[in-house]
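**Student:**
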Amino acid sequence: MKQPIIDIQNLRKTYTYYKKPPGLLGSLKSLFHREKLLTEAVKEVNFSIEQGEFVGFLGPNGAGKTTTLKMLSGILYPTSGKVNVLGFTPWDRKPEFQKQFSLVMGQKNQLWWDLPAMETFLLNQTIYEIPEKVFRASLKELSELLEIQDILTIPVRKLSLGQRMKCELAAALLHQPKVLFLDEPTIGLDVTSQQNIRTFLKKYNEQKKTTILLTSHYMDDIMELCKRVIIVNLGRIVYDGSLQELIDKHADYKLLKITFTQEMKRNDLKKYGKVSEFAPKRAVLHVAKAQYKKIAAHILEELPVDDIFIDEVSVEEVIRDIFAVTKTGTV
Amino acid sequence: MQLRKYVSIFKLTWQQYLAYRLNLFLEVFGGIFQTLITVAVWTLLFRFGSAQVIAGFSQPEMITYVLGGGVISSFLLLHRQGDDISDDINKGGLSAWLAKPVSPNLMWLAKDMCRKYFTFFIGLFAYAVIFWFFAGRLVPPVSVFAAFLLLFFTLLAALIHFGLFYIFSIMAFWFDQTWGPRTLLRVIMELASGILLPLSLFPAGWLQFLNLLPFKFFAYVPMQLYLGNFSATEIAIEFLTAVAWLLIIFSVSVVLWRRGMKVYSASGI
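If you read the protein sequences in the order shown, they are chains A and B. The first sequence begins at 1 in full-length UniProt numbering and counts up one residue at a time. The second sequence begins at 1 in full-length UniProt numbering and counts up one residue at a time.
1) Is the CB-CB distance between L123 of chain A and I9 of chain B below 8 Å?
2) Whose Cβ in chain B lies nearer than 7 Å to the Cβ of residue 332 of chain A?
3) Name the DSSP bridge partner or partners of P155 of chain A?
4) Can you find at least 3 beta carbon pairs, one from the region 56-69 of chain B and one from the region 225-239 of chain B, that sit closer than 8 Å?
5) In the structure shown, what three-state DSSP assignment does E245 of chain A receive?
6) Closer than 7 Å by beta-carbon distance: list the chain B residues that pair up with T126 of chain A, in chain order.
7) When you compare the CB of Y264 of chain B with every CB in chain A, is at least one pair closer than 8 Å?
8) Count the other CB atoms, across all protein chains shown, that sit within 10 Å of the CB of A236 of chain B; report buried if there are 16 or more and exposed otherwise.
9) Could you check whether the Cβ of G92 of chain B sits closer than 8 Å to any Cβ belonging to chain A?
10) What is the DSSP secondary structure of S267 of chain B, reduced to helix, strand or coil?
11) Using a cut-off of 9 Å between C-beta atoms, extract the partners of Q15 of chain B located in chain A.
12) At what residues does the beta strand (DSSP E) containing Q9 of chain A begin and finish?
13) What does the alpha-carbon distance come out to for the pair I127 of chain A and F175 of chain B?
14) Could you tell me which of A:G273, A:E132, A:K208 and A:N61 sits nearest to A290 of chain A, measuring between CA atoms?
15) What three-state label does DSSP hand D240 of chain A in the structure shown?
16) Select from the region 63-78 of chain A all residues with a C-beta closer than 8 Å to any C-beta belonging to chain B, and list them in chain order.
17) Can you pull the DSSP bridge partners for M105 of chain A?
18) Going straight from the alpha carbon of G329 of chain A to that of Q51 of chain A, what length do you get?
19) Return helix, strand or coil for S50 of chain B, following the three-state DSSP convention.
20) Residues of chain A with a CB under 7 Å from the CB of L12 of chain B: which are they?
21) Once DSSP output is grouped into helix, strand and coil, what is the label at H286 of chain A?
22) Check whether the region 213-226 of chain A and the region 179-192 of chain A are in contact - that is, three or more C-beta pairs closer than 8 Å.
23) Once you ignore the five residues that flank residue 335 of chain A on each side, which residues in its own chain have a CB closer than 7 Å to its CB?
24) Quick one, which residues of the region 233-265 of chain B are near chain A if we go by CB-CB under 9 Å, in chain order?
25) Nearest-angstrom Cα distance between L256 of chain A and A63 of chain A?
26) Is it right to say W132 of chain B is buried, meaning 16 or more other beta carbons lie within 10 angstroms of its own, or is it exposed?
27) Using only CA atoms, which one of B:G31, B:T13, B:L150 and B:Q2 lies nearest to M113 of chain B?
28) Measure from the C-beta of K111 of chain B to each C-beta in chain A and report whether the shortest distance is under 8 Å.
29) What's the gap between the Cα of V179 of chain A and the Cα of L145 of chain A?
30) Mind listing, in chain order, the continuous alpha helix (DSSP H) runs of no fewer than 4 residues lying wholly within the region 51-78 of chain B?
31) Residues of the region 83-108 of chain B with a CB closer than 9 Å to any CB of chain D: list them in chain order, please.
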């Protein structure tokens, strides 16, 4: 069997921190006595990823995604468990390993703030010991793909958030990593910039066969890029599989979005399905997949309908449901 | 190849400081101004006291000592020393460096050395004006060798200085803020480095105690070497003391760094 490029077994991470009572008196007290608290950020995580896969890593805030990514990058030591990335244990921080992966954090930049992005690129050339020829070729390719040729000599602080993110990506890819960890790369970007980043990532993954693990709160990112998703909540994996299967499994209903010609009462609609949204002249109903055609026909016949629209459940809703369910158990 | 990485970091830091040159110039200028006050106090002491020599220092020697010490401290003892390291740890900036084939510690050292050199060069103009003003009232180095010793020991001082602040800054692994201890360190340094008055003026017991501390390398030792007040044996002892301090600082740093990495939580990202 082919060796997976990322392999995680029983990964756990517990953070220790100290409780600080509020206020000045509390601060004084905590000088002498501090109550120690433990949080289990990652309780038990197991998964493996093959070369070239583009995997979405989802979960609500505080689920343990970023902590897992930090351990995969060797920034944090785990409390226990085994991780193998490209044949290395990440927290040994071997240079041979570090030269083969990259980490991009949407909320933290590696570009030097007061200098043009090109300066960071050149620094990365020496840090990653990229031969001049390879560097030039990489730079040309990335700046064309990302369309950043004209902004490379402008100080980073003068760039827009979208331009900066593109430069961040370029800086992270100059050494042609085999594995790429992306932590919220589209956070805070406008719709066009998000789309640009997505188009780039898609193309890059297809061309280079780079293995990519992506966290994002934007479902558009995940839907467009990732065939496989891993969902984590409260430090445990609650789903690992294809996005489509997840939707099929959980969205066993369709949405009927109806506009009426006259004001209705909520109770009149209940017999057709679960009323999820209601305004006197507008309603959204959840109806079972098996029956939606029949029910729509009944509604058209029996109620003063102006317009009816049959829609699929959005991925956001499915995910939201899963997050809610997994607070109490598994999917 | 490894060294090139840190030379590149040094160069980039240099460029970054060019963006802050006015602020750094003012900081150096402020430091020199403080030194001028010390010079004024000593001038008054010599004028109104009847002594020609105080604790072995003639007036020109004392002024040279105070001015020289002031110049060294103006580029060594920077006010925001250690802020970078502390911030990198507390705000998670360290994470990006940890994921790269580069040592964060040497990165910080390169940045700090750059900052010291940069401040020195930026201060050159101000130093020139002052030395021109005091020309004729200063003492030249006793020999070329003494001038070399001054430079050499200043370099050692720069490393010791970095190391001491490094130790206090990486306390950030355990505490949210580290500027308290660093401020305390700076205050102690002001007195114990001998910038305000040569350590040989202290009572014997105090002198013995201050001699055990590493702060004397930040002004007292380099200037005494410049003035030729140390014998060959004393020079050797000072050199060995400096090396011993560097070894102690290095060992403590290694232990703290290793322990710190275990508790590093990379918050802020």
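For every residue, glycine included, the Cβ atom is placed at its ideal position computed from N, Cα and C. Only a predicted model underlies this, so the values are computations on that prediction, with no experimental measurement involved.
**Tutor:** Based on what the coordinates show:
1) yes
2) Because chain A here runs from 1 to 331, residue 332 of chain A falls outside it and cannot be looked at.
3) A:P116
4) yes
5) helix
6) R4, K5 and S8
7) yes
8) exposed
9) yes
10) coil
11) W112, D114, L115 and E119
12) I6 to K19
13) 30 Å
14) A:G273
15) strand
16) T66, K70, S73, G74, I75, L76 and Y77
17) A:K108 and A:D183
18) Note that G329 of chain A scores a pLDDT of 48, beneath 50, so its modelled location is shaky and nothing firm can be said.
19) coil
20) W112, L115, E119 and L123
21) strand
22) yes
23) This structure leaves residue 335 of chain A out entirely; chain A is present only between 1 and 331.
24) M261, K262, V263, Y264 and S265
25) 33 Å
26) exposed
27) B:T13
28) no
29) 19 Å
30) 59-76
31) The structure shown has no chain D; the protein chains it does contain are A and B.
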